[in-house]
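Each protein sequence line maps, in turn, to chains Z and H. Residue 105 in UniProt numbering sits at position 105 of the first sequence; the count goes up by one each step and never skips. Residue 400 in UniProt numbering sits at position 400 of the second sequence; the count goes up by one each step and never skips. Notes follow once the structure below has been shown.
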Amino acid sequence: MTLLHELTRNGQVWTGHDWRRTRQQAQPSGHAALDTELPGGGWPLGAVTEILVHRPGQGELRLLLPALSELSRNDSRWQVWFNPPFQPYGPGLAQWGLALDRMLVCQTRGADDLLWSLEQCLNTGGSQAVVAWVEQLDKARMRRLQLAAEKGRIPVFLLRPARFESAPSVAALRLRLTSPGPERACVDILKRRAGWPVQDIELPLPLFGEGAGGHG
Amino acid sequence: MDSTRRLWLFIEFPALALEAWFGPDDPQRPPQLLLAGNGQSVLQCNAAATALGVREGMSTNTAYCLLESVEIAQYDAQLEREQLGRLALVLYRLCADIRLCPPSGMLLEIGSMLRLFGGLDAFLEQLWAHLHRSGYRYHCATGHTALAARLLARNRIALFSQDAVRIRAELDPLPVDALDLPIKDPAKLTRMGLTTYAQLRRAPRAELGYRFGPEMVRHLNALEQPDALGQRFTLPPHFNERLELLHEATQADGLLFPVKRLLVTLEAYLQARQQSIDSLHLKLEHREQPPTRLHVQAVRGAKTAQEWQHLVGLALERQPLPAPVLAVLVRAHRFHADAGQAGDLLGTAYPAADADRLLSLLVSRLGHDRVRTPMCGADPRPLQAGRLDPATEADRSVQSATFSRHHPVFLLPEPVAVRPGDYDWLSGPERIAPGDWLQPAPFRRDYFRAWHRQHQQLHWLARHDDRRWFLEGVFS
């Protein structure tokens with residue numbers, strides 16, 4: 001097997017016409033229409049995913065929660081949320097099937113604390129997934145984050161205001177989420193591995209999860 | 001060999017008071033002197049001072065003439081005694097019966113430990129490794145009686161044997177003034193022609209008793225018949241150690257090194273007790289200000305000094321020092337049995353241990369109240385049911401079963417008044433009205449789900465009895 005074969009197989013190199021064949025470890029997002037467009041068929045494990053929203057609370061959690069609750073039920077380590085814009089509400093989260101006893105909600109004092117904590121989450125092997133609401137991010141340190149996520153095979157979700165859309169980012173996957181209606185979402189993939197950007201993926205975004213008993 | 005036969009090992013720390021003050025000696029140190037209480041003579045000195053000609057017992061003035069620069073300290077019996085206790089703690093792993101012989105000696109009954117270690121040589125190897133790691137100077141020797149071991153160690157005869165005949169052979173040539181005899185004037189014995197222990201041993205005991213008193217007889221008997229010395233060392237019920245800093249520490253960095261010394265002692269203490277702790281209290285004393293207190297937590301216990309040092313480092317980073325620190329106090333209580341870590345099938349990964357470590361790190365850096373876990377209580381009032389509790393204290397057993405109620409995932413910490421005109425209504429009302437027993441002021445709310453047209457957000461609104469509207473949650 002040639003080196004090129006090997007790299008292609010691992011998803012490090014891809015060709016335009018057969019990107020669907022590259023293998024990347026992923027966690028199904030729970031949204032069928034989105035999964036078909038995401039490399040590996042879901043949120044990448046071991047990579048940084050950046051989700052841009054115009055205003056916090058526009059459905060970004062409903063987009064992530066099916067995958068997050070699946071992860072939280074199947075892994076005994078921590079799921080860590082950093083600096084959520086509002087107070088995460090236990091009963092509401094439990095309704096999505098999230099295992100609350102494996103959740104940590106952290107408030108950091110500054111960018112230094114946040115980046116340090118994120119790196120610890122990825123390097124100690126003590127977390128299963130990380131969600132962080134962030135604004136400005138130092139590019140060099142973001143690169144470190146991406147490498148640490150790859151090494152630890154842990155999905156990292158950064159939720160950022162949409163005004164950072166044109167800021168350069170090393171995230172493996174970048175999405176922009178808009179919410180045209182109460183239970184609908186529109187996702188633009190701005191950047192993905194092994195593929196071109198895609199516009200206007202329409203998704204139903206139900207208000208409530210299927211709960212812990214639904215699947216898994 | 002008779003397994004119950006006792007064998008004593010005496011360890012003498014010749015520079016204990018000096019090293020307790022300055023820390024274990026190392027070759028880079030400047031000359032250091034420990035002066036006797038009156039300040040007139042040198043009680044102990046370190047290797048650098050000895051190399052320049054200072055001797056113990058020399059007058060202070062003579063010593064100053066020999067040394068260009070020197071660090072001095074006054075003898076402090078309390079400090080010396082505390083350090084002896086710390087050393088006993090380190091050796092407690094090797095030997096259960098340790099007796100402290102202040103000011104600077106320690107007696108170990110090792111006869112009963114030899115079978116466990118597989119012989120005297122194996123035991124000594126372990127012992128030396130521990131003593132060497134502590135960094136303190138020592139002399140030791142074994143004896144068939146406690147007093148014999150002490151005499152050999154104090155006379156720096158490093159004899160390690162279980163053979164009483166050999167031990168006596170080493171004692172025999174000792175001059176009478178090296179025998180720690182309880183008499184005022186050993187010269188009196190010399191004048192009687194008794195110059196060595198061998199001669200003294202053979203002299204009629206009753207006659208000696210008549211001339212020198214019963215103490216003398218008891219002393220000589222103790223050299224031949226088993227008898228214990230000193231007070232038996234027991235583990236203190238709590239860990240409580242204080243360290244005076246030699247230099248004021250103005251920055252957290254400067255504190256880490258001295259704190260490490262205390263943490264190493266803590267590690268020995270925890271190993272001796274076979275227990276672990278999950279929190280540590282640090283008190284940093286200042287000259288005038290009230291002390292700074294720090295609380296460091298490790299989830300499910302950390303045992304090694306290194307782990308604790310890392311956590312203490314993070315906590316110190318977070319804590320600005322209001323004034324220079326003069327002394328550090330480390331306190332630990334609430335011990336729990338040391339449980340093994342559960343690994344995966346192959347024993348190569350320890351997810352639970354990794355998760356605990358991560359939580360400890362986050363708590364140390366961010367602070368105890370900034371790392372929280374969402375709760376799911378049974379209280380009908382949303383803000384009470386969905387509290388965030390500090391993760392290290394959260395009682396995870398009270399998480400109630402999955403709620404069937406359709407509530408949002410985000411709450412606002414404080415409800416915000418809104419205008420109902422901005423919204424499209426989706427559903428509602430859901431009335432929450434718990435009984436008066438729950439809280440004195442009546443709580444009755446009607447909850448609605450509504451779409452905020454301009455913000456494109458799905459809100460959870462509460463209508464109060466007085467018809468005012470509040471935003472309480474967001475379906476993010």
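Where is the CB? At the ideal position from N, CA and C, for every residue including glycine.
Could you please give me the residues that DSSP links to residue i through a beta bridge?
{"i": "PRO175 of chain H", "result": "H:THR196"}
{"i": "ALA417 of chain H", "result": "H:PHE470"}
{"i": "GLU285 of chain H", "result": "H:ALA327"}
{"i": "residue 484 of chain H", "result": "Within the shown structure, residues of chain H are numbered from 1 to 476, placing residue 484 of chain H beyond reach of any answer."}
{"i": "THR142 of chain H", "result": "H:LEU9"}
{"i": "TYR447 of chain H", "result": "H:GLU430 and H:ALA462"}
Where does residue i land, buried or exposed, given buried means 16+ other C-beta within 10 angstroms?
{"i": "GLY193 of chain H", "result": "exposed"}
{"i": "ARG174 of chain Z", "result": "buried"}
{"i": "ASP113 of chain Z", "result": "buried"}
{"i": "ASP227 of chain H", "result": "exposed"}
{"i": "ASN38 of chain H", "result": "exposed"}
{"i": "LEU65 of chain Z", "result": "buried"}
{"i": "PHE410 of chain H", "result": "buried"}
{"i": "SER166 of chain Z", "result": "exposed"}
{"i": "ALA51 of chain H", "result": "exposed"}
{"i": "PHE10 of chain H", "result": "buried"}
{"i": "SER134 of chain H", "result": "buried"}
{"i": "LEU270 of chain H", "result": "buried"}
{"i": "SER69 of chain H", "result": "exposed"}
{"i": "ASN221 of chain H", "result": "exposed"}
{"i": "residue 221 of chain Z", "result": "Shown here, chain Z extends from 1 to 216; a query on residue 221 of chain Z therefore has no answer."}
{"i": "CYS246 of chain H", "result": "In the sequence as displayed, the identity of residue 246 of chain H is Leu instead of Cys. The residue in question, LEU246 of chain H, is exposed, as its Cβ has fewer than 16 Cβ neighbours within 10 Å."}
{"i": "ALA49 of chain H", "result": "buried"}
{"i": "GLU19 of chain H", "result": "buried"}
{"i": "HIS333 of chain H", "result": "exposed"}
{"i": "residue 271 of chain Z", "result": "No statement about residue 271 of chain Z is possible, as the shown extent of chain Z runs from 1 to 216 and does not include it."}
Roughly how many angstroms lie between the CA atoms of residue i and residue j, to the nearest whole one?
{"i": "ALA148 of chain H", "j": "ARG293 of chain H", "result": "48 Å"}
{"i": "LEU203 of chain Z", "j": "LEU34 of chain Z", "result": "7 Å"}
{"i": "ALA153 of chain H", "j": "LEU243 of chain H", "result": "29 Å"}
{"i": "LEU171 of chain H", "j": "LEU311 of chain H", "result": "52 Å"}
{"i": "ALA17 of chain H", "j": "ALA272 of chain H", "result": "24 Å"}
{"i": "THR402 of chain H", "j": "GLU70 of chain Z", "result": "The predicted position of THR402 of chain H is uncertain, since its pLDDT is 49 and thus under 50; a value taken from the coordinates is nonetheless stated next. Those two C-alpha atoms are separated by around 15 Å."}
{"i": "GLY46 of chain Z", "j": "TRP128 of chain H", "result": "48 Å"}
{"i": "PRO39 of chain Z", "j": "LEU383 of chain H", "result": "40 Å"}
{"i": "ILE277 of chain H", "j": "PHE164 of chain Z", "result": "45 Å"}
{"i": "PRO429 of chain H", "j": "ASN74 of chain Z", "result": "36 Å"}
{"i": "THR49 of chain Z", "j": "PRO197 of chain Z", "result": "14 Å"}
{"i": "ALA355 of chain H", "j": "PRO290 of chain H", "result": "36 Å"}
{"i": "HIS459 of chain H", "j": "LEU158 of chain Z", "result": "23 Å"}
{"i": "LEU34 of chain H", "j": "ARG357 of chain H", "result": "43 Å"}
{"i": "TRP8 of chain H", "j": "ASN240 of chain H", "result": "30 Å"}
{"i": "GLN297 of chain H", "j": "ALA73 of chain H", "result": "36 Å"}
{"i": "LEU205 of chain Z", "j": "ARG62 of chain Z", "result": "7 Å"}
{"i": "ASP2 of chain H", "j": "GLY111 of chain H", "result": "Annotation note: pLDDT 47 at ASP2 of chain H (below 50); position unreliable, no value reported."}
{"i": "VAL330 of chain H", "j": "ASP25 of chain H", "result": "23 Å"}
{"i": "ARG445 of chain H", "j": "GLU414 of chain H", "result": "15 Å"}
{"i": "PHE470 of chain H", "j": "PRO434 of chain H", "result": "19 Å"}
Is residue i a contact residue of the ligand ADP, with contact defined as CB to any heavy atom under 7 Å?
{"i": "LEU4 of chain Z", "result": "The ligand ADP is absent from the structure shown, which contains no ligands of any kind."}
I think residue i touches residue j, with their Cβ atoms under 8 Å apart; what is that distance to the nearest whole Å?
{"i": "GLY209 of chain Z", "j": "GLN24 of chain Z", "result": "That pair is no contact at about 25 Å."}
{"i": "LEU66 of chain H", "j": "VAL54 of chain H", "result": "6 Å"}
{"i": "CYS140 of chain H", "j": "GLU248 of chain H", "result": "About 37 Å separates the two Cβ atoms, so there is no contact after all."}
{"i": "residue 218 of chain Z", "j": "VAL130 of chain Z", "result": "Because chain Z spans 1 through 216 in this model, residue 218 of chain Z falls outside it and cannot be assessed."}
{"i": "THR195 of chain H", "j": "PRO175 of chain H", "result": "6 Å"}
{"i": "ALA385 of chain H", "j": "GLY90 of chain Z", "result": "7 Å"}
{"i": "GLU119 of chain Z", "j": "ARG102 of chain Z", "result": "20 Å between Cβ atoms; not a contact."}
{"i": "GLN456 of chain H", "j": "GLN58 of chain Z", "result": "6 Å"}
{"i": "ALA99 of chain H", "j": "PHE233 of chain H", "result": "It should be pointed out that residue 99 of chain H corresponds to Arg in this sequence rather than to Ala. Indeed they touch by this definition, with Cβ atoms about 7 Å apart."}
{"i": "THR142 of chain H", "j": "LEU131 of chain H", "result": "Not a contact, Cβ separation roughly 14 Å."}
{"i": "LEU108 of chain H", "j": "LEU91 of chain H", "result": "7 Å"}
{"i": "ARG287 of chain H", "j": "LEU314 of chain H", "result": "Actually they are not in contact, since the Cβ atoms of ARG287 of chain H and LEU314 of chain H sit about 26 Å apart, beyond 8 Å."}
Any beta carbon of chain B sitting closer than 8 Å to that of residue i?
{"i": "PHE448 of chain H", "result": "Given the protein chain composition of this structure (Z and H), no chain B is represented."}
Notebook entry, point to check: Quick check: the region 69-80 of chain Z against the region 185-200 of chain Z, are there 3 or more CB pairs under 8 Å?
Noted result: no
Notebook entry, point to check: Do the region 47-62 of chain H and the region 78-92 of chain H meet, that is, are 3 or more Cβ pairs less than 8 Å apart?
Noted result: no
Note to self: Three Cβ pairs or more, each shorter than 8 Å: is that satisfied between the region 112-126 of chain H and the region 257-275 of chain H?
What the structure shows: no
Check: Is the region 451-460 of chain H touching the region 423-434 of chain H, taking contact as three or more C-beta pairs under 8 Å?
Finding: yes
Next item on the list: Say whether the region 154-167 of chain H touches the region 183-203 of chain H, bearing in mind that this needs 3 or more beta-carbon pairs closer than 8 Å, one atom from each stretch.
Entry: no
Notebook entry, point to check: Would you call the region 312-330 of chain H and the region 359-368 of chain H in contact, with 3 or more CB pairs under 8 Å?
Noted result: yes
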